[in-house]
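Line order of the protein sequences matches chains A and B.
Just so we're aligned, residue 0 is where the first sequence starts under numbering that gives the first Met the number 0, counting upward by one.
Just so we're aligned, residue 0 is where the second sequence starts under numbering that gives the first Met the number 0, counting upward by one.
Each residue gets a CB set at the ideal place from its N, CA and C atoms; glycine is no exception.
As the structure is a prediction and not an experimental result, all values here were calculated from the model.
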Amino acid sequence: MNWFDAPDGWLKYWTENQKSLFQALAEGKTAASWMTPGEAPAGSFEDWTRQMSEFSRRSVESWTALAKQGWPMLAGSDADRSSLQQLFDPAVWSRTGAGRFDLALERLTEGPTYATLWDLDRKLLNAQRLWLKRSEDIAAYQAIVQAAWRRAIQRFVDALNDPKAPPLKSGREFLDLWIATANACLLEMHRSDEFLEAQRKMTRSATEYRLQEREIAEAFCAMHHIPTRTEMDEVQRAVYELRRELRALQRKGEGELAKPAPTPRSGKRPAAKAKAKRKARRVGS
Amino acid sequence: MTGRVQVDPQRAFAEIAEFNRTLAQGLSLLDKTRDRDVQIATTPKREVFRQDKTVLYHYEPMAKREVKVPVLVVYGLIGRYTMADLQEDRSLMRNMLGQGVDLYVVDWGSPTRTDRWLTLDDYIDGYLHECILHICREHELEAIHLLGICEGGVFTLCYAALHPERVKSLTLTITPVDFHADQNTSAPLHHGLINLWARSLSPEDIDRMIEANGNLPGDLMSFVFSMMTPLSSLTKYSVGLFDVMRDEKKLLNFLRMEKWLADRPDHPGEAAKQWLKDLYQDNKLVAGELELSGRRVDLAQVRMPVLNIFAQDDHIIPPKSSQALRQHVGTKDYTELPLPGGHVGVFVSGKSQGILGSGIVKWLKARD
């Protein structure tokens, strides 16, 4: 059996059922009417079994239809032969923004999270999604850069054809004109909002991918009793804060030492003086 | 192709022959050149103080002392102080030592991921403060002269505002002060591109970038710098190298500059966040909103003499960004010294060598 044929069959099956469902609704039948078994058949046991079987089939159909309505991404799915073929075609993977492949990844990564299931798989899928995002952003950035180079070539050709411009008498003058023209074009591009935004997005998506990569590496480290980058950062932060506190204490200590020693006005120590004052107040009261 | 290209065949032949000669001589020179021929920062100095990765060096004297109070040179974290001592005949350090200055320099070292938590507070109010205290103790002085370069200029400026009692005079070179001064100007296209780049990022972009990398990678900053001069960056090892490869002196200068450029350390992460968000994006220094170690940096507290040197064709720090200092400092003894050339050219070009060193020393002598 060619199993690629199966999705076609399933699609036909669902389409037919949808059609029936809508037809039923259009004919004014409520869901309840076809979801509720009628009265117990008066006929033979065979009749009753047939009716029960029919009821089960229609229930499954209606719940499936409802599930499709409630989960639109399933309704939009075109998991037919060509999409499956694309899923396994490396030529499609290498393309940026691989369309259905992206969509599939998005569904998988943005679906419900289970506490103990598929955690590492989810990390890997997310990394794949971020890699594609990064590739898309790089492609967008490169498109802007390429456009600037094309403008540079056009301007260079225009400059060469400018009848008012002085003649170019050596290869070096020719080269210098090209360098100056291209330099100006690229600088204009570097200052443009379009370029700056594309560069920002590319930097950000590369960063996000790198961070996701770290998450995967850390999951591996945790499995194999190896300290993670995050843990190392935490340790280094603790060392840094301790050093900082130590410096502050040293500075405070040096400041205290540098202060001139207090010189009490009388020969009595301040504590003894305060004690004598308290005693005099008690005697007075 | 066109009437504009009028290359005479004889001249074209001569040009090709000359190209071949240059290439042959240049390749032979490159073949002979060894790493030892391309040493940078060779002016003799010794380590006198160290804290974590920060090292304070004291230069060996080269002439009779003419400026009594020592000068501490402070470079930033983007790049390295060796730019001010690139080669014997192009060295601010040698220039000043030769004119009788007692000179120190701070080396911040090579930050790694372990340094990601260091903030500008730590560099300015911690390491720099300790270096200054060390010099003050050694010389039994209350205050010394500070000379800041680029980001190091911001460090010394903030320090002078927080600890004015420790700063006898402040010399700033190619230092950004108003980080938004690049806007609404008729400056050339390549001026202020870093300001534009920094503002194009969102604060969250910066935080995530630091989270992913730990620090602001030196390579990334090199890339941003190369965007400012795209074609000369792209043709550096073809046209650029070809133009100097026949002349040994020029070739060695080129290679020394390459050596300095290749040695771009990573900028510690938390300090980079402050640098990009608080300064480049929010311009807190001139707004009087920058806080270090819980204290507001008030530029009006800068009451010591100030010499502000900027490059007239500085594409990295637009001149207006440096010149903005005048209206914010509290001193009446404020001098500006505009120099020809670009950001790095001020330190390494033959043209500015005499003016820079002697300009600083003359100004210092009058305030020593």
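Where does glycine 349(B) land, buried or exposed, given buried means 16+ other C-beta within 10 angstroms? On the second sequence, residue 349(B) is found 350 positions in, with the first residue counted as 1. Counting every other CB atom within 10 Å of its CB across the protein chains shown gives glycine 349(B) a total below 16, marking it as exposed.
How big is the Cα-Cα spacing for arginine 197(A) and arginine 150(A)? On the first sequence, residue 197(A) is found 198 positions in, with the first residue counted as 1. On the first sequence, residue 150(A) is found 151 positions in, with the first residue counted as 1. Per the sequence shown, the amino acid found at residue 197(A) is alanine instead of arginine. Going by the C-alpha atoms only, they are around 18 Å apart.
With DSSP collapsed to three states, give me the class of serine 90(B). Taking the second sequence and counting its residues from 1, the one referred to as residue 90(B) is at position 91. Three-state result, serine 90(B): strand.
Does any residue of chain B bring its CB to less than 9 Å from the CB of lysine 168(A)? Mapped onto the first sequence, residue 168(A) falls at position 169. It does: the Cβ of lysine 168(A) has a partner Cβ on chain B nearer than 9 Å.
Nearest to tryptophan 148(A) by alpha carbon, out of Gln249(A), Glu244(A), Glu187(A), Arg199(A)? Taking the first residue of the first sequence as 1, we reach residue 148(A) at position 149. Looking at the Cα atoms, Glu187(A) is the closest of the given residues.
Chain-order list of residues whose beta-carbon lies under 6 Å from that of aspartate 84(B) (same chain, five-residue window excluded): For the purposes of this step, residue 84(B) is identified with residue 85 of the second sequence, where counting begins at 1. Excluding sequence neighbours, aspartate 84(B) sits near Ala40, Thr42, Ser90, Met92.
Should alanine 310(B) go down as buried or exposed, given a rule of 16 or more other Cβ atoms within 10 Å for buried? Here residue 310(B) corresponds to residue number 311 of the second sequence, with the count starting at 1. Classification of alanine 310(B): buried, given that the 10 Å Cβ count is 16 or more.
Selection of the region 200-230 of chain B by Cβ proximity to chain A, strictly under 9 Å: Leu200, Ser201, Glu203, Asp204, Arg207, Met208, Glu210, Ala211, Asn212, Gly213, Leu219, Met226, Met227, Thr228, Pro229, Leu230
How many whole angstroms separate the CB atoms of glycine 217(B) and arginine 115(B), which I take to be in contact at a CB cut-off of 8 Å? As a working mapping, residue 217(B) is identified with position 218 in the second sequence. As a working mapping, residue 115(B) is identified with position 116 in the second sequence. Not confirmed; about 14 Å, so no contact.
For the pair the region 69-89 of chain B and the region 326-335 of chain B, tell me if three or more CB-CB distances fall below 8 Å. With a cut-off of 8 Å, the region 326-335 of chain B and the region 69-89 of chain B do not count as touching, because too few Cβ pairs lie within range.
Where does the unbroken alpha helix (DSSP H) through glycine 329(B) begin, and where does it stop? Along the second sequence, one-based indexing puts residue 329(B) at 330. Per DSSP, glycine 329(B) belongs to no alpha helix (DSSP H) and is neither H nor E.
Taking the alpha-carbon positions, what's the arginine 295(B) to glycine 287(B) distance? By 1-based counting over the second sequence, the position of residue 295(B) is 296. By 1-based counting over the second sequence, the position of residue 287(B) is 288. Take the alpha-carbon of arginine 295(B) and the one of glycine 287(B): they are about 7 Å apart.
I'd like to know whether the C-beta of aspartate 232(A) is nearer than 9 Å to at least one C-beta of chain B. Translated into positions along the first sequence, residue 232(A) becomes position 233. Judged by the 9 Å Cβ criterion, aspartate 232(A) is in contact with chain B.
With a threshold of 9 Å between beta-carbons, can leucine 275(B) be considered close to chain A, or not? As a position in the second sequence, residue 275(B) is number 276, starting the count at 1. Chain A contact via Cβ: absent.
What does the alpha-carbon distance come out to for the pair glutamate 59(B) and valine 105(B)? Here the question's residue 59(B) lines up with position 60 in the second sequence. Here the question's residue 105(B) lines up with position 106 in the second sequence. Taking the straight line from one Cα to the other gives about 15 Å.
Report the three-state DSSP secondary structure of threonine 172(B) (helix, strand or coil). Residue mapping note: residue 172(B) aligns to position 173 of the second sequence, counting from 1. Strand.
Based on the DSSP secondary-structure assignment, which residues constitute the bridge partners of aspartate 147(B)? Along the second sequence, one-based indexing puts residue 147(B) at 148. Here residue 147(B) is glycine; the residue named in the question, aspartate, does not match the sequence. Paired residue(s): Val73(B), Leu171(B).
Rounded C-alpha distance that separates proline 8(B) from glutamate 17(B): As a first step, residue 8(B) is located in the second sequence; it is residue number 9 there, counting from the start. As a first step, residue 17(B) is located in the second sequence; it is residue number 18 there, counting from the start. Approximately 14 Å, taken between the alpha carbons.
So, for arginine 302(B): in the same chain, excluding its five sequence neighbours on each side, which residues have a beta-carbon less than 7 Å away from its beta-carbon? As a working mapping, residue 302(B) is identified with position 303 in the second sequence. Excluding sequence neighbours, arginine 302(B) sits near Pro163, Gly329, Thr330.
In terms of alpha-carbon separation, which member of Thr184(B), Val153(B), Lys63(B), Leu171(B) lies closest to histidine 144(B)? Looking up residue 144(B) in the second sequence gives position 145. For histidine 144(B), the nearest C-alpha among the options comes from Leu171(B).
Contact set for alanine 218(A): own chain, Cβ-Cβ below 7 Å, skip 5 residues either direction: Position 219 of the first sequence, counted from the first residue, corresponds to residue 218(A). Cβ within range, chain order: Leu119, Lys122.
Evaluate isoleucine 131(B) with the Cβ neighbour count: other Cβ atoms within 10 Å of its Cβ, from every protein chain shown; 16 or more gives buried, anything less gives exposed. Within the second sequence, numbered from 1, the residue matching residue 131(B) stands at position 132. By the neighbour-count rule (16 or more Cβ atoms within 10 Å), isoleucine 131(B) is buried.
Could you have a look at alanine 74(A) and say whether DSSP puts it in helix, strand or coil? On the first sequence, residue 74(A) is found 75 positions in, with the first residue counted as 1. The predicted position of alanine 74(A) is uncertain, since its pLDDT is 47 and thus under 50; no value can be drawn from it.
Residue range of the unbroken beta strand (DSSP E) whose run includes asparagine 282(B): Position 283 of the second sequence, counted from the first residue, corresponds to residue 282(B). From DSSP, asparagine 282(B) is part of no beta strand (DSSP E); its letter is neither H nor E.
Taking only the alpha-carbon atoms, compute the straight-line gap between aspartate 313(B) and proline 226(A) and give it to the nearest angstrom. Start at 1 with the first residue of the second sequence, and residue 313(B) comes out as number 314. Start at 1 with the first residue of the first sequence, and residue 226(A) comes out as number 227. Their Cα atoms are separated by approximately 46 Å.
Just curious, the alpha helix (DSSP H) that leucine 185(A) is in, first and last residue? Working through the first sequence from its first residue, we reach residue 185(A) at position 186. It spans 170-190 - the alpha helix (DSSP H) in which leucine 185(A) sits, taken as one unbroken run.
Supposed contact pair valine 343(B) and glycine 170(A) - C-beta distance, whole angstroms, cut 8 Å: The sequence position of residue 170(A) within the first sequence is 171, counting from 1. The sequence position of residue 343(B) within the second sequence is 344, counting from 1. With 8 Å as the limit, glycine 170(A) and valine 343(B) do not qualify as a contact, their Cβ atoms being about 30 Å apart.
Beta bridge counterpart(s) of aspartate 106(B) as assigned by DSSP: Start at 1 with the first residue of the second sequence, and residue 106(B) comes out as number 107. Val54(B).
Three-state class that DSSP yields for histidine 179(B) in the structure shown: By 1-based counting over the second sequence, the position of residue 179(B) is 180. It is coil, neither helix nor strand.
Taking 9 Å as the CB-CB limit, is arginine 154(A) close to chain B? Here residue 154(A) refers to the residue found at position 155 when the first sequence is read from its first residue. Closer than 9 Å: no.
How about asparagine 160(A) and serine 231(B): are their beta carbons less than 9 Å apart? In the first sequence, residue 160(A) corresponds to position 161, counting from 1. In the second sequence, residue 231(B) corresponds to position 232, counting from 1. No, these two residues do not count as a Cβ contact at 9 Å.
9 Å Cβ cut-off: residues of chain A touching leucine 192(B): Along the second sequence, one-based indexing puts residue 192(B) at 193. Ordered by position in chain A, the residues that pass the 9 Å Cβ test against leucine 192(B) are Leu186, His189, Arg190.
Along the region 132-148 of chain A, where does the CB come closer than 8 Å to a CB of chain B? Name the residues. none
Report the rounded CA-to-CA distance for isoleucine 123(B) versus serine 191(A), giving the unit in angstroms. Translated into the one-based positions of the second sequence, residue 123(B) becomes position 124. Translated into the one-based positions of the first sequence, residue 191(A) becomes position 192. Answer to the nearest angstrom: the Cα atoms are 35 Å apart.
Using DSSP's beta-bridge definition, name the partner residues of isoleucine 308(B). For the purposes of this step, residue 308(B) is taken as the residue at position 309 of the second sequence. Partner(s): Thr172(B), Leu336(B).
Please confirm if glycine 78(B) has its CB atom under 9 Å from at least one CB of chain A. Residue mapping note: residue 78(B) aligns to position 79 of the second sequence, counting from 1. By this cut-off, glycine 78(B) is not an interface position.
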